[in-house]
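Below is one structure, written out as structure tokens; comments come after it.
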Amino acid sequence: MTKPIIPLLTMQEVHRLFDANILSKPELNFGKIFADHAPFLLLEVVGNNKESIVFRAEYNALVLCVSGTCDKEVGMHSFKMKPKSIHWVKAGQLQSFNNQTEDVHCFILCFYTHIWKDFPVVVSTMEQLLNLEYDQVPNFNLDDHTFDQIFELYQKIDREQRQKASFYTAMSGLFILEILYLIKRSSLQAFTKDKEKKTSAQQDKWLAFKRLVEEHFQTHKSVKEYANQLNISPKYLNEIVNRETGSSPMKHIQQRILAEARYLLAYTDLSVKEIAYLLQFESSAYFGKFFRARTGSSPSVFRQERK
């Protein structure tokens with residue numbers, strides 16, 4: 001399996017990514033919080049940050065959308081974040097925010113599992129709650145009642161974060177657990193309905209292809225390599241992916257490689273040559289040609305524009 005090459009960002013580093021769009025910053029000693037590896041952080045984010053954000057974080061996150069839309073990618077899944085929806089991102093998953101509208105208003109709840117360190121049984125429960133079917137998109141449109149319930153819990157966590165009364169970490173952990181239960185209830189209802197629709201063999205192949213791309217995008221660059229693993233012809237794989245997405249399997253492969261490249265250029269100090277090597281391009285020149293054809297700029301210019 002391909003090992004992730006995008007470094008995991010801390011809460012402090014992700015806080016900096018969204019800093020310009022954070023609506024209200026609680027009066028917290030962020031230096032102490034980040035130094036102590038705080039178990040949770042709630043950010044209220046508004047507006048369009050004018051550029052794509054791609055990152056992989058070392059913590060879990062629950063993103064509650066109040067208004068506006070944006071295109072999201074989490075792992076192998078792509079979806080549109082909409083009002084009264086919530087999505088979660090597991091620690092280590094690649095995620096991106098793209099094409100945000102000006103009226104975006106969302107709450108990003110970041111948390112580590114050690115928030116439940118005093119309640120060992122809760123950790124295993126949490127892991128079960130976060131365990132979706134692999135092909136299930138981790139985004140859920142909420143009915144009014146469920147949205148109001150979850151929004152109220154976010155407000156409670158915000159108060160705990162600001163007031164820091166006794167046991168505020170434990171209380172916040174219990175609120176997060178309640179949110180996860182509400183999401184799981186919603187996800188089970190949605191997934192049951194989806195499962196009632198018979199999944200075709202072609203859909204199974206499409207999902208298997210997405211899993212393989214996520215695992216092997218560094219080493220497998222051709223459609224033929226994935227088709228061989230799926231025991232089908234490249235032509236048939238092209239038909240399947242085109243039917244499911246309207247685009248080719250090669251485009252899907254290249255988009256995954258491009259996402260990794262954009263992040264490495266924007267958020268690491270690796271040279272263009274080192275990035276080309278990590279992504280297993282034949283040369284830095286070939287990598288540059290690949291990148292320029294899909295972004296309109298060279299890797300060096302892209303990096304400079306984001307400094």
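Here the sequence shown stands for residues 1 to 307, where the numbers follow the working numbering. For glycine and all other residues, C-beta sits at the position ideal for the given N, C-alpha and C. Bear in mind that the values here come from a model prediction, so they are computed numbers and not experimental data.
Three-way DSSP call (helix, strand, coil) for residue i in this model
| i | result |
| --- | --- |
| LEU42 | strand |
| LEU188 | helix |
| GLN304 | helix |
| LEU279 | coil |
| GLU137 | Note on residue identity: the sequence assigns Val, not Glu, to residue 137. The answer is coil: DSSP assigns VAL137 none of H, G, I, E or B. |
| GLU73 | strand |
| SER85 | strand |
| ALA165 | coil |
| GLN100 | coil |
| SER78 | strand |
| TRP170 | One point to set straight first is that residue 170 is Ala, not Trp, in the sequence displayed. ALA170 falls in the helix class under three-state DSSP. |
| GLN95 | strand |
| PHE209 | helix |
| SER67 | strand |
| PHE290 | helix |
| ILE150 | helix |
| HIS220 | coil |
| PHE111 | strand |
Where residue i falls, given that 16 or more other Cβ within 10 Å makes a residue buried
| i | result |
| --- | --- |
| THR219 | exposed |
| GLU44 | buried |
| PHE287 | buried |
| SER300 | exposed |
| TYR236 | exposed |
| ASN242 | exposed |
| ALA285 | exposed |
| GLN163 | exposed |
| LYS385 | Here the chain has residues from 1 to 307 only, and residue 385 is not among them. |
| LEU42 | buried |
| LYS198 | Here the model assigns LYS198 a pLDDT of 45, short of 50, so the residue's position is not dependable, and the following value carries that caveat. Per the 10 Å Cβ criterion, exposed. |
| PHE167 | exposed |
| HIS145 | exposed |
Residue i to residue j span [Cα, whole Å]
| i | j | result |
| --- | --- | --- |
| ILE22 | TRP206 | 38 Å |
| LEU278 | ASN231 | 28 Å |
| ASP269 | ARG56 | 16 Å |
| LEU177 | ALA201 | 36 Å |
| LYS90 | LYS273 | 30 Å |
| LEU182 | PHE140 | 11 Å |
| VAL104 | THR69 | 6 Å |
| VAL74 | LEU174 | 25 Å |
| GLU225 | LEU265 | 27 Å |
| HIS77 | GLN149 | 26 Å |
| GLU102 | GLU58 | 28 Å |
| ILE179 | ARG292 | 43 Å |
| LYS84 | PHE18 | 21 Å |
| SER283 | GLN136 | 37 Å |
| ARG185 | PRO138 | 13 Å |
| ILE86 | THR113 | 19 Å |
| SER297 | LEU258 | 13 Å |
Chain B within 9 Å of residue i, Cβ atoms only
| i | result |
| --- | --- |
| ARG292 | No chain B appears in this structure, which consists of one protein chain only. |
Contacts around residue i, its chain only, beta-carbon distance under 8 Å, and the 5 residues preceding and following it disregarded
| i | result |
| --- | --- |
| ASP118 | ALA170 |
| VAL122 | TRP116, GLY173, LEU177 |
| PRO262 | Note that residue 262 is Arg in the sequence shown, not Pro. The answer, listed in chain order, is SER52, VAL54, THR295, PHE302. |
| GLU244 | GLN202, GLN203, TRP206 |
| ALA208 | LEU230 |
6 Å Cβ shell around residue i - same chain, five flanking residues per side excluded
| i | result |
| --- | --- |
| PHE290 | none |
| ASN98 | SER52, ASP71 |
7 Å CB neighbourhood of residue i in its chain, flanking five on each side removed
| i | result |
| --- | --- |
| MET250 | VAL223 |
| ALA61 | TRP88, VAL89, ILE108, LEU109, CYS110 |
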